[in-house]
Amino acid sequence: MTDFAYEKYVKTTFDESDFGKDKTLVMPEFKMFYMKVDPSEVFHGDEPEIVWERIFQLFDQNQDGDLTWTEVWNVLYNNKQEQAATSREVATDELAKLSGQERASLFKQLNEE
Ligand SMILES: [Ca+2]
Ligand SMILES: [Ca+2]
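Taking the working numbering, the leading residue of the sequence shown gets 4, the next gets one more, and so forth.
Set out below in structure tokens:
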């Protein structure tokens, strides 16, 4: 997904999860939201409350108990950048292990696709 498509997806999900339509997410709304956009895809809603509270606090930068779009997007967008950087590093490490000939044939394959 491009950054723009991802932002659009997250924003739509944010609006859909905002049942009170007050432009912020409180805990039950946040749970719905986070299960859909969580990049690690490990949350199913049955996690202990303390786990959710930790995540919620991470997002709630001004600690006022609800999450604005800006707060949510700041955290998610930074996570996504970090993940992209990590996968780039892994790919670079893998490339470094290849011999010159393997690398040449890999690039040949990539160019043919
Ligand atoms: Ca709301
Ligand atoms: Ca807040």
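Even for Gly, the Cβ is constructed at its ideal location relative to N, Cα and C.
Taking DSSP as the reference, what is the three-state secondary structure of residue i?
| i | result |
| --- | --- |
| Leu113 | helix |
| Thr89 | helix |
| Thr27 | strand |
| Leu101 | coil |
| Thr71 | strand |
| Phe22 | coil |
Assuming the contact rule is C-beta atoms closer than 8 Å, residue i and residue j should be a hit. Round their C-beta distance to whole Å, please.
| i | j | result |
| --- | --- | --- |
| Val40 | Leu79 | 7 Å |
| Asp63 | Glu74 | 6 Å |
Enumerate in chain order the residues of its own chain whose CB-to-CB distance from residue i is below 8 Å, with the five nearest sequence positions on each side excluded.
| i | result |
| --- | --- |
| Gly68 | Val29 |
| Val13 | Val40, Val75, Trp76, Leu79 |
Below 7 Å CB to CB, which residues in the same chain sit around residue i once its five sequence neighbours on both sides are set aside?
| i | result |
| --- | --- |
| Ala99 | none |
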